[in-house]
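*Asks:*
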Amino acid sequence: MSAIQSGGTASISTERSKGTIAAAVVIGYGVLYGIRTLLGDGNGPFAQIFKTLYTVAVGVGFLVAFFGILYALASQLKEPWRERARVAVFVGPALILLIGGLIVPSVLTARLSLFTGSNTDKWYGLLNYKAMFTQRQNLLTLRNNVWWVILVTGFSTIVGITVARFADRMRGEPIAKALLFLPMAISMVGAGIIWRFVYANNPSKQYGLLNWIWVGLDPILPGKQEPHYWLQDTTFFGIKSDFLPGSNTVFMIIVLIWIQAGFATVIISAAIKGVPDDLVEAARIDGATDRQAFYKIVLPYVKTTVITVVTTITIAVLKVFDIVQAMGLGGAFENNVLANQMYTESFTKQNEGYGSAVAVVLFIAVVPVVWVNARNQKAMREARA
Amino acid sequence: MSDVEPAAMTVGGTVATAMVDDMQPRSPRDQTPTATKVTKKLTSPFGRAMVWLLALLWTVPTFGLFITSFRPEVDIKTTGWWTFFSNPTVTLENYKSVLDYTGGSGRPFSNYFWNSVAITVPGAIIPIVVAAFAAYALSWMKFPGRDAIFVGIVALMVVPLQMCLIPLLQFFTSGFSPLSGGIPQIWVAHTIFAMPLAIFLLRNFIGSLPSEVIEAARVDGASHMTIFTKLVLPLSVPAIASIAIFQFLWVWNDLLVAKVFGGGSKNAPMTSALIDMVGTKGNDWQLLTAGAFISMIVPLIVFLSLQRYFVRGLLAGSVKG
Amino acid sequence: MSTLTMVNLQKRYANGFEAVPGLDLEIHDGEFLVLVGPSGCGKSTVLRMVAGLEDITGGDLMIDDKRVNDFGPQQRDIAMVFQSYALYPNMTVADNIAFAMRLRKTDKEVMKKKVAEVAELLELTAVLDRKPGQLSGGQRQRVAMGRAIVREPKMFLMDEPLSNLDAKLRVQTRAEISKLQRRLGVTTMYVTHDQVEAMTMGDRVAVLRKGMLMQCASPAELYESPDNLFVAQFIGSPSMNVIRGQVLSADDGSITVSVGQQQVTLEGAAADRLSGLRSMVGRPIAVGIRPEALGGDGTATVEVDVDLVEMLGSELLVHSTVNAPAVYSIEGGVEISEHPDSTVVASLDPRKRVKIGDRLTLTLDTLRVHAFDLDTGNAIGRG
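Residue numbers (the numbering used here), protein chains in the order written: chain L, 342 to 726; chain D, 1111 to 1431; chain P, 165 to 547.
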């Protein structure tokens, strides 16, 4: 009985403390808002930091209040509605975001791809798609994307397998792997700037690393090695072909290989460490060399992981955008890619119909890759079970 | 998603560690002493040399940028950064000038740093909170169609965000949007795009918490909100940390979403400002190198200090659509 | 304090599986009732229905005459101890114990005092600030108990709370829980698959099979007069010898039963106990004899050849062959072994010297002979 009584008084005091908290929140917010308004558009250090904190606090505060208030309201209802309302509060926001933010927009984008004009209201049928697969510039973009996928996926995986194999149990293995993995932390914009600097050309006083090495090789290599604007060269190292990527594209591809190889290394390395020792030892006793043990035993054992790496990198490459923004000079030198084209057509050229068609093509390109990945994951789980 | 599978949980305090391991590919060989396993070695002197060569090759470009950002402008423009070692002159002038540098927008570069912070912190917190609520409901609340909804959410991982940009932007600018524009729009967009993967990972994790612990709390009289905040969230810290770090870096390094939804330079993050700088000051390497390094400093700190979580998050987030 | 009543309680899953077809059971105020049965018998389902963790699909569940079918677990005022203990891994021992009180917004001082009391009682005072992960198995078990006790609930529900302890600790904790329950006087429902636990702890034991109540009685009654073959064979270790036999004859004073080549004549009180056999002359029955009924004082004798001797220290188990088939309880009735012979186990005084191959004369306590109907498996008693 005493528990019930004390519970009663306690609930009154919590009501009171809830009121106090609410008042404190409102007053606190008022003060912050006041200061924020006073600061206006100021750019001093204090103003900047304060405004940042203010924005963060408002965002997070709204989030907490949103769930807290909705849940409190749901709790006022009578059963069975209370439980239903609580479920709605928990799962509803996510569902609304997914339906309103992913499903509906995807359908709308698919629809928009059949229209054209500045307001995207002129019926165009499949002509956007036709343009994509017939006009030369667009075909070059598709060509570039294909090469991006082949080269980035292929080389990143090969580097990943090589390093994972040779670094395994090597002294300094964690350091070597961390160095390879480091670019993964850097934004593609940052990576773009890093490599633009490597590729830079200042013929009189050379500060671009690649050109410096290139010119330095002149006495050794045949022909004349002159400083070069690598990112503007649309030929494939001198060969002009509609099927081969321009050197400019190749040099951007290198950047993404640089980023993705570390990812491949870390994942494949973890898988290789999971290969049972006995297996390799048994192969050794049967007379296998290092090489044979790796290619006949270890690599087949981690096959599903390698497939995961390949599919994951493929999806990332299909959507490459930032590197071309940072290095590609807006895709002006026959070096465009789909995601960049989607952006420029939709948001700078106001050609949203065409931009939507590009998005749909990207989506269609991603689906089979995800499908392969899903099947592979399933096979992996079944193998483990 | 090899790394996230519901696993049988052990009882009591071992739960947390079991969950940490659950999110990382197991490496049983790590426990065996290296010396006794000579026969398993796959490496060779040639192989080791190749690994170190690759590691060097991978580091040089970043290292060059780093060195350059501390060299005086005159040196940068007349000599290669590799000559720095014969003539080491160090200055912080580049950082000072880039922070005050106002491009066409009239805003100092420092402004964009703070924009990045204001975009990224809620941009990482909001999706995780929303997804965690949903993941809890999909794991521990009973309602019809629960499993079908989860499968549907997982399927949405296929959708590339490019599919959603135009209609979303149209909605945000239509006047029907409750958001006043700018940074909150970027938060919401990032939240939307992060949702399928975050729900998938968190549900796998939260759903594999021991059911008896949740039931014990219910018998003790806890409501869903109490179980969620007092029990599920604290127990999910390892998973949440990994996903949060991944999402934080994703948002910090993002260019596309911020460019589309930011609505002008006022709300632009550093990535966007750097792209503009490349366009207008493409050969002012004293600005570009320092600016790029400032934008990289936060991810690098995260990488170096939280490498374990970072790797795990990346592995988990690697299939992001 | 409280009583619990189940009236035709049912659990049917969405896939049509009937875990509990209809259970009638009453737990008296302050009683320690053990629900026992082989795995999959529905005992945990029943407990979870009582706790409110499992929906009830039919019948009534009453706590103190109040129907609680639709109450959530938090509204039933019950405390539960789980098999895995289900301690909150992120909270200290003190917080684990106080969690329910905190949810009820109990006064801080009262809470502190109660936690201290319970910790004292369970010898947890020294580990109050530790997390569950830092505790031994026995300590975790006690924290789980403490969490239940501190709430002073209407009922304790315990779901195999000892199964994660090692054998020695289990015996010790078994006694502690019994003592504690008697001291607190809280109505308790305890689920286990271990019949030793059931017999030692329960005021009454309910034996469950496929969701059906086979018998609910005191441990002694369950052991001495099982209602049916299932209970007879489930309770007791080594279990009861059950062999096919036949009622040979019955006259005024005695009943004669044959088992293989052996004949046993029941007289006086022994015949009265099983007077139901009188109407079954000439018909086959199942004869049940507990091993210890073959090893002590008795009026009848049985000659056997020793096949195997097992020395357990406290008793000596002697296996021998009888040329009559064994009888088992199966789902829906009784099964007679296809093998014409069966093994009979007798429990003898360990000081006896017995070797394999010996010819031995066992004494049978005819007052402890059980008879079961071969069709239904039900015990045949006074007719």
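Where is the CB? At the ideal position from N, CA and C, for every residue including glycine.
Under 8 Å Cβ to Cβ from V1130 (chain D), same chain only, skipping five residues before and after it: list those, please.
*Replies:* For the purposes of this step, residue 1130 (chain D) is identified with residue 20 of the second sequence, where counting begins at 1. Confidence is the limiting factor: at V1130 (chain D) the pLDDT is only 32, short of 50, which leaves the residue's position unreliable, though a coordinate-based value still follows. Closer than 8 Å at the Cβ level, and outside the excluded window around V1130 (chain D), lie P1348.
*Asks:* To which residues of the same chain is F1253 (chain D) closer than 8 Å at the C-beta, ignoring the five residues directly before and after it?
*Replies:* Stepping through the second sequence from its first residue, residue 1253 (chain D) is reached at position 143. Cβ within range, chain order: A1247.
*Asks:* For R176 (chain P), which option in P:S203, P:M213, P:T169, P:E195 has the closest C-alpha, if you only look at C-alpha atoms?
*Replies:* Within the third sequence, the letter at position 12 stands for residue 176 (chain P). Of the listed residues, the one whose Cα sits closest to R176 (chain P) is P:M213.
*Asks:* Evaluate V710 (chain L) with the Cβ neighbour count: other Cβ atoms within 10 Å of its Cβ, from every protein chain shown; 16 or more gives buried, anything less gives exposed.
*Replies:* Within the first sequence, the letter at position 369 stands for residue 710 (chain L). With 16 or more Cβ atoms within 10 Å of its Cβ, V710 (chain L) is classed as buried.
*Asks:* Since Q174 (chain P) sits in a beta bridge, which residues does DSSP pair it with?
*Replies:* As a working mapping, residue 174 (chain P) is identified with position 10 in the third sequence. Looking at the DSSP assignment, Q174 (chain P) forms a beta bridge with P:G222.
*Asks:* Could you give the DSSP three-state label for Y492 (chain P): helix, strand or coil?
*Replies:* Working through the third sequence from its first residue, we reach residue 492 (chain P) at position 328. Note: Y492 (chain P) maps to strand in three-state DSSP.
*Asks:* Between F584 (chain L) and the rest of its own chain, which residues show a CB-CB distance below 8 Å, the 5 nearest in sequence each way excluded?
*Replies:* Along the first sequence, read from residue 1 onward, the residue named residue 584 (chain L) stands at position 243. Contacts found: R484.
*Asks:* Return the bridge partner residues of I453 (chain P) from the DSSP annotation.
*Replies:* Translated into the one-based positions of the third sequence, residue 453 (chain P) becomes position 289. DSSP, once it has assigned bridges, lists P:N405, P:V533 as partnering I453 (chain P).
*Asks:* When DSSP labels each residue in this structure, what does G547 (chain P) get in the three-state scheme?
*Replies:* The residue labelled residue 547 (chain P) in the question sits at position 383 within the third sequence. Of the three classes helix, strand and coil, the one that applies to G547 (chain P) here is coil, per DSSP.
*Asks:* With a Cβ-Cβ cutoff of 9 Å, do V509 (chain P) and P402 (chain P) count as a contact?
*Replies:* The residue labelled residue 509 (chain P) in the question sits at position 345 within the third sequence. The residue labelled residue 402 (chain P) in the question sits at position 238 within the third sequence. Contact flag set, yes.
*Asks:* Is E195 (chain P) helix, strand or coil when you go by DSSP?
*Replies:* Residue mapping note: residue 195 (chain P) aligns to position 31 of the third sequence, counting from 1. Looking at E195 (chain P) - three-state DSSP - the assignment turns out to be coil, as it is neither helix nor strand.
*Asks:* Can you tell me whether DSSP reads Y548 (chain L) as helix, strand or coil?
*Replies:* If you number the first sequence from 1, residue 548 (chain L) lands on position 207. In this structure, Y548 (chain L) counts as coil in the three-state DSSP scheme.
*Asks:* Closer than 9 Å, Cβ to any Cβ of chain P: which residues of the segment 1317–1335 of chain D, in chain order?
*Replies:* Residues passing the 9 Å Cβ filter: P1320, S1321, E1322, V1323, I1324, E1325, A1326, A1327, R1328, V1329, D1330, G1331, A1332, S1333.
*Asks:* Is there at least one Cβ from chain P nearer than 9 Å to S1352 (chain D)'s Cβ?
*Replies:* Sequence index remark: in the second sequence, residue 1352 (chain D) carries index 242 (1-based). For S1352 (chain D), the answer is no, since every Cβ of chain P falls outside 9 Å of its Cβ.
*Asks:* For S697 (chain L), would you say it is in contact with chain D, using Cβ-to-Cβ distances shorter than 9 Å as the test?
*Replies:* Numbered from its first residue, the first sequence carries residue 697 (chain L) at position 356. So, interface residue.
*Asks:* Thinking V678 (chain L) and N486 (chain L) are a contact (beta carbons under 8 Å), I'd like their distance in whole angstroms, please.
*Replies:* Within the first sequence, numbered from 1, the residue matching residue 678 (chain L) stands at position 337. Within the first sequence, numbered from 1, the residue matching residue 486 (chain L) stands at position 145. Confirmed, about 5 Å.
*Asks:* From F538 (chain L) to A724 (chain L), what does the alpha carbon distance come to, in whole angstroms?
*Replies:* Here residue 538 (chain L) is taken as the residue at index 197 of the first sequence, counted from 1. Here residue 724 (chain L) is taken as the residue at index 383 of the first sequence, counted from 1. One C-alpha to the other measures close to 47 Å.
*Asks:* Alpha carbon to alpha carbon, how far is L512 (chain P) from L526 (chain P)? Give it in angstroms, no decimals.
*Replies:* On the third sequence, residue 526 (chain P) is found 362 positions in, with the first residue counted as 1. On the third sequence, residue 512 (chain P) is found 348 positions in, with the first residue counted as 1. Those two C-alpha atoms are separated by around 9 Å.
*Asks:* DSSP has S484 (chain P) in a bridge; who is on the other side?
*Replies:* Numbered from 1 along the third sequence, position 320 holds the residue referred to as residue 484 (chain P). The partner list for S484 (chain P) (beta bridge, DSSP) reads P:V470, P:V508.
*Asks:* Going straight from the alpha carbon of S687 (chain L) to that of S697 (chain L), what length do you get?
*Replies:* Locating residue 687 (chain L) in the first sequence gives position 346, where the first residue counts as 1. Locating residue 697 (chain L) in the first sequence gives position 356, where the first residue counts as 1. Between S687 (chain L) and S697 (chain L), the C-alpha separation is close to 7 Å.
*Asks:* If you draw a straight line from the C-alpha of A1145 (chain D) to the C-alpha of R512 (chain L), how long is it?
*Replies:* Taking the first residue of the second sequence as position 1, residue 1145 (chain D) is located at position 35. Taking the first residue of the first sequence as position 1, residue 512 (chain L) is located at position 171. A caution first: A1145 (chain D) carries a pLDDT of 40, below 50, which makes its placement in the model unreliable, though a value can still be read off. The alpha-carbon atoms of A1145 (chain D) and R512 (chain L) are separated by roughly 12 Å.
*Asks:* Any C-beta of chain L sitting closer than 9 Å to the C-beta of S1284 (chain D)?
*Replies:* The residue you call residue 1284 (chain D) lines up with position 174 of the second sequence. Answer no: the Cβ-Cβ gap between S1284 (chain D) and chain L never drops below 9 Å.
*Asks:* List the residues that DSSP assigns as beta-bridge partners of P448 (chain P).
*Replies:* Locating residue 448 (chain P) in the third sequence gives position 284, counting from the first residue. Answer is P:Q410, bridged to P448 (chain P).
*Asks:* For R1418 (chain D), would you say it is in contact with chain L, using Cβ-to-Cβ distances shorter than 9 Å as the test?
*Replies:* As a first step, residue 1418 (chain D) must be located in the second sequence, where it is residue number 308. Chain L contact via Cβ: absent.
*Asks:* Can you tell me the Cα-Cα spacing of Y1419 (chain D) and A605 (chain L), whole angstroms?
*Replies:* Working through the second sequence from its first residue, we reach residue 1419 (chain D) at position 309. Working through the first sequence from its first residue, we reach residue 605 (chain L) at position 264. About 17 Å.
*Asks:* Can you find at least 3 beta carbon pairs, one from the segment 379–395 of chain P and one from the segment 424–432 of chain P, that sit closer than 8 Å?
*Replies:* Short answer: they don't touch.
*Asks:* Could you tell me whether the segment 242–259 of chain P touches the segment 319–331 of chain P, where touching means 3 or more Cβ pairs closer than 8 Å?
*Replies:* Yes: the two stretches touch, three or more of their Cβ pairs being nearer than 8 Å.
*Asks:* Given a limit of 8 Å on CB to CB distance, which residues of the segment 1170–1190 of chain D reach chain L?
*Replies:* Result list: V1170, P1171, T1172, G1174, L1175, T1178, I1186, K1187, T1188, T1189, G1190.
*Asks:* Give a yes or no on whether 9 Å exceeds the smallest Cβ distance from V1370 (chain D) to chain L.
*Replies:* Against the second sequence, residue 1370 (chain D) aligns to sequence position 260. For V1370 (chain D), the answer is yes, since a Cβ of chain L falls inside 9 Å of its Cβ.
*Asks:* For the alpha helix (DSSP H) that contains A680 (chain L), what are its first and last residues?
*Replies:* In the first sequence, the residue the question calls residue 680 (chain L) occupies position 339. Per DSSP, A680 (chain L) belongs to the alpha helix (DSSP H) from 679–684.
*Asks:* CB-CB under 7 Å to W1192 (chain D), same chain, minus the five flanking residues each way: which ones, in chain order?
*Replies:* As a first step, residue 1192 (chain D) must be located in the second sequence, where it is residue number 82. Closer than 7 Å at Cβ, skipping near neighbours: no residue.
*Asks:* Taking the alpha-carbon positions, what's the G549 (chain L) to V1388 (chain D) distance?
*Replies:* The count along the first sequence starts at 1 and reaches residue 549 (chain L) at position 208. The count along the second sequence starts at 1 and reaches residue 1388 (chain D) at position 278. Looking at the two C-alpha atoms, the distance is approximately 16 Å.
*Asks:* Could you give the distance in angstroms between the alpha-carbon of T475 (chain L) and the alpha-carbon of V1268 (chain D)?
*Replies:* Position 134 of the first sequence holds residue 475 (chain L). Position 158 of the second sequence holds residue 1268 (chain D). Distance between the alpha carbons of T475 (chain L) and V1268 (chain D): 27 Å.
*Asks:* Name the two residues that bound the continuous alpha helix (DSSP H) containing A1234 (chain D).
*Replies:* The sequence position of residue 1234 (chain D) within the second sequence is 124, counting from 1. 1219–1250 is the extent of the alpha helix (DSSP H) around A1234 (chain D).
*Asks:* Indicate the three-state DSSP secondary structure (helix, strand or coil) for N469 (chain L) in the structure shown.
*Replies:* One-based indexing of the first sequence puts residue 469 (chain L) at position 128. It is helical.
*Asks:* For the segment 441–455 of chain L against the segment 1261–1275 of chain D, do three or more pairs of beta-carbon atoms, one drawn from each stretch, fall closer than 8 Å, so that the two count as touching?
*Replies:* Verdict: yes, contact present.
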